[in-house]
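Step one of this worksheet: look at the structure below.
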Amino acid sequence: MVLPGRVKLVEVGPRDGLQNEKQIIPTAVKVGMIDRLCDAGLSVIEAGSFVSPSWVPQMADSGEVLRAVLANPRRRPGVSFPVLAPNLRGFDAAVEAGAREVAIFAAASESFSQKNINCSVSESLKRFAAVVDSASALEIPVRGYVSCVIACPYEGRIAPQKVAAVAQRLFEMGCHEVSLGDTIGAGTPAAVQRMIEACAAVVPLDRLAGHYHDTFGMAIANIYASLEVGMAVFDSAIGGLGGCPYAPGASGNVATEDVLFLLQGLGIDSGMDMAALLVASEYIAQHLGRQPASKAARALLARRGGDA
Ligand code: HMG
Ligand code: MG
Numbered sequence: 014m015v016l017p018g019r020v021k022l023v024e025v026g027p028r029d030g031l032q033n034e035k036q037i038i039p040t041a042v043k044v045g046m047i048d049r050l051c052d053a054g055l056s057v058i059e060a061g062s063f064v065s066p067s068w069v070p071q072m073a074d075s076g077e078v079l080r081a082v083l084a085n086p087r088r089r090p091g092v093s094f095p096v097l098a099p100n101l102r103g104f105d106a107a108v109e110a111g112a113r114e115v116a117i118f119a120a121a122s123e124s125f126s127q128k129n130i131n132c133s134v135s136e137s138l139k140r141f142a143a144v145v146d147s148a149s150a151l152e153i154p155v156r157g158y159v160s161c162v163i164a165c166p167y168e169g170r171i172a173p174q175k176v177a178a179v180a181q182r183l184f185e186m187g188c189h190e191v192s193l194g195d196t197i198g199a200g201t202p203a204a205v206q207r208m209i210e211a212c213a214a215v216v217p218l219d220r221l222a223g224h225y226h227d228t229f230g231m232a233i234a235n236i237y238a239s240l241e242v243g244m245a246v247f248d249s250a251i252g253g254l255g256g257c258p259y260a261p262g263a264s265g266n267v268a269t270e271d272v273l274f275l276l277q278g279l280g281i282d283s284g285m286d287m288a289a290l291l292v293a294s295e296y297i298a299q300h301l302g303r304q305p306a307s308k309a310a311r312a313l314l315a316r317r318g319g320d321a
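In our numbering, the protein residues as written are 14 to 321.
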């Protein structure tokens, strides 16, 4: 078995992470978090979400966040800041704020689609096709998500073939990458490998990403299982933040610090710097008033504290 030599991490903390916080985080703090994540070497940082503010008030300032991030003269070049757009209205607002990459988000479960975006899977794919068309006219790349790739909070287990069918539609529509979301963190390594294999039969493996929530503590094991079958793109959130307000029981994403610790141990390059990542981790932890959920971050910060 040969693991990938290089892995790309997509940081979703400023979006998936902060959309699920009870408190509204000030715009300046979001910008400070993204700037620090940039400094840590991440090349893709999901900056926000152009969804209805009555559905997700935490993301209402995404336009201001994106504008401020893009205006930072110290910003490392070559970093992309995708934002979620559920429909043309969100897409237009994202472009207006300067977005140069967007993400659309479908589901492999009908019930979750209804609860999350208030329409059926097939209706959502029609809306997303319109977003992809508008984006392609502006040469804006679109990333696709499939939620509930292992299980749905309302329907239970989801068959890998159902996931593959939605992933294929998103890819054929024009998404450059399709991220497979274990929304409620129900996956275990063998189930995750079966799901990836079903998707890789219809979408090239190098266009698939793993997006694993850590509800049952399996996310790192699931990333390792995904590396074993050749997947090389993973979503993660600083401090293990995250969850979807419309997925009851979902907890945070796999922590970026934990994934980096794993990759470093395996000798897999990700272009990231742990010391700088810990700066970002401490920054947001301080603002949220709690320790990072990442065990790696806690251990490394405690060791650093002890050294001082
Ligand atoms: P709806 O109520 O069916 O939409 O919501 P509507 O078209 O009837 O519009 C209702 C109101 O929303 C109207 O305003 C629209 O103008 C407004 P009103 O006239 O009542 O004042 N509206 C918007 N406002 C701002 N931006 C927009 C927009 N669209 C309509 N883009 C809608 C449909 C999709 C808008 C809604 O259901 C929604 O915003 N849902 C978002 C839910 C969400 O963000 N969930 C979290 C992200 S997904 C996730 O976390 C999973 C993921 O991480 C992967 C994984 O873990 O599995 C990606
Ligand atoms: Mg998620």
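Note that the Cβ used here is the ideal one computed from N, Cα and C, for glycine as well. All figures in this text were calculated on a predicted structure; none of them were measured in a lab.
From this set, the options, which residue's C-alpha is nearest residue i's C-alpha?
{"i": "L97", "options": "M46, I153, E241 and A172", "result": "I153"}
{"i": "G284", "options": "M14, R19 and V15", "result": "R19"}
{"i": "R49", "options": "A298, A309, G302 and V205", "result": "A298"}
{"i": "V162", "options": "G223, A107, R113 and L313", "result": "G223"}
{"i": "V108", "options": "S133, V144, V92 and S124", "result": "V144"}
{"i": "R311", "options": "G200, F274 and D282", "result": "F274"}
{"i": "K139", "options": "V15, A164 and V179", "result": "V179"}
{"i": "A112", "options": "E59, I281 and L31", "result": "E59"}
{"i": "G198", "options": "R80, G262 and Y296", "result": "G262"}
{"i": "R207", "options": "I171, F184 and E190", "result": "I171"}
{"i": "I217", "options": "G194, K43 and A177", "result": "Reading the sequence as shown, one finds Pro at residue 217 and not Ile. The shortest C-alpha separation from P217 is found at A177."}
{"i": "G103", "options": "T269, A148 and C132", "result": "A148"}
{"i": "S124", "options": "K21, S65, A164 and Y237", "result": "A164"}
If we count the other Cβ atoms within 10 Å of its Cβ and call it buried at 16 or more, is residue i buried or exposed?
{"i": "S126", "result": "buried"}
{"i": "A315", "result": "exposed"}
{"i": "V323", "result": "Residue coverage of the chain in this structure runs from 14 to 321, which leaves residue 323 outside it and unanswerable."}
{"i": "I326", "result": "Because residue 326 is not part of the residues shown, which for the chain are 14 to 321, the question remains open."}
{"i": "R28", "result": "buried"}
{"i": "V82", "result": "buried"}
{"i": "D248", "result": "buried"}
{"i": "D219", "result": "exposed"}
{"i": "S192", "result": "buried"}
{"i": "E210", "result": "exposed"}
{"i": "K35", "result": "exposed"}
{"i": "A84", "result": "exposed"}
{"i": "S133", "result": "exposed"}
Please report how far the alpha carbon of residue i lies from the alpha carbon of residue j, in whole angstroms.
{"i": "T196", "j": "P173", "result": "14 Å"}
{"i": "T40", "j": "A150", "result": "31 Å"}
{"i": "A321", "j": "A289", "result": "Reliability of the predicted coordinates at A321 is poor, the pLDDT of 41 falling under 50, and the value obtained from them is presented with this limitation in mind. Their backbone Cα atoms lie some 17 Å apart in a straight line."}
{"i": "Q304", "j": "D146", "result": "42 Å"}
{"i": "G343", "j": "A293", "result": "One cannot answer for residue 343 here, as it falls past the ends of the chain, which runs 14 to 321."}
{"i": "R317", "j": "P90", "result": "30 Å"}
{"i": "S62", "j": "A73", "result": "8 Å"}
{"i": "A260", "j": "N129", "result": "8 Å"}
{"i": "T228", "j": "D105", "result": "34 Å"}
{"i": "S135", "j": "A306", "result": "36 Å"}
{"i": "Y225", "j": "R87", "result": "31 Å"}
{"i": "G253", "j": "V267", "result": "5 Å"}
{"i": "F94", "j": "S67", "result": "23 Å"}
{"i": "S56", "j": "V25", "result": "12 Å"}
{"i": "F118", "j": "P166", "result": "17 Å"}
{"i": "G169", "j": "A204", "result": "14 Å"}
{"i": "H300", "j": "A234", "result": "29 Å"}
{"i": "E291", "j": "A250", "result": "The sequence as given places Leu at residue 291; Glu does not occur at that position. Approximately 13 Å between the Cα atoms of the pair."}
{"i": "L276", "j": "G230", "result": "18 Å"}
{"i": "D271", "j": "Q71", "result": "25 Å"}
{"i": "V53", "j": "D286", "result": "Per the sequence presented here, residue 53 reads as Ala, with Val not at that position. Their backbone Cα atoms lie some 5 Å apart in a straight line."}
{"i": "L279", "j": "V15", "result": "11 Å"}
{"i": "A245", "j": "S239", "result": "8 Å"}
{"i": "E114", "j": "G302", "result": "32 Å"}
{"i": "V159", "j": "C212", "result": "11 Å"}
{"i": "D282", "j": "E241", "result": "16 Å"}
{"i": "I47", "j": "A214", "result": "35 Å"}
{"i": "V23", "j": "H189", "result": "14 Å"}
{"i": "K21", "j": "N131", "result": "32 Å"}
{"i": "S122", "j": "Y296", "result": "36 Å"}
If you follow the alpha helix (DSSP H) that residue i is in, where does it begin and where does it stop?
{"i": "L138", "result": "V134 to A150"}
{"i": "G103", "result": "L101 to E109"}
{"i": "K128", "result": "E123 to I130"}
{"i": "D248", "result": "Counting along the chain, D248 falls outside any alpha helix (DSSP H), though it belongs to the beta strand (DSSP E) covering V246 to S249."}
{"i": "G274", "result": "Note on residue identity: the sequence assigns Phe, not Gly, to residue 274. Looking at the DSSP string, the run of the alpha helix (DSSP H) that includes F274 is T269 to L279."}
{"i": "E295", "result": "M287 to L301"}
{"i": "R207", "result": "P202 to A213"}
{"i": "V78", "result": "S75 to A84"}
Start and end of the beta strand (DSSP E) containing residue i?
{"i": "D227", "result": "Unbroken run through D227: none, as it is neither H nor E."}
{"i": "G157", "result": "V155 to S160"}
{"i": "G194", "result": "E190 to D195"}
{"i": "I117", "result": "V115 to A120"}
{"i": "K35", "result": "Where K35 is concerned, there is no enclosing beta strand (DSSP E), given that its DSSP letter is neither H nor E."}
{"i": "V179", "result": "That residue, V179, is in no beta strand (DSSP E); its alpha helix (DSSP H) goes P173 to M186."}
{"i": "E24", "result": "K21 to E24"}
Quick check: is the beta carbon of residue i nearer than 9 Å to any beta carbon in chain C?
{"i": "P66", "result": "The structure shown has no chain C; it contains just one protein chain."}
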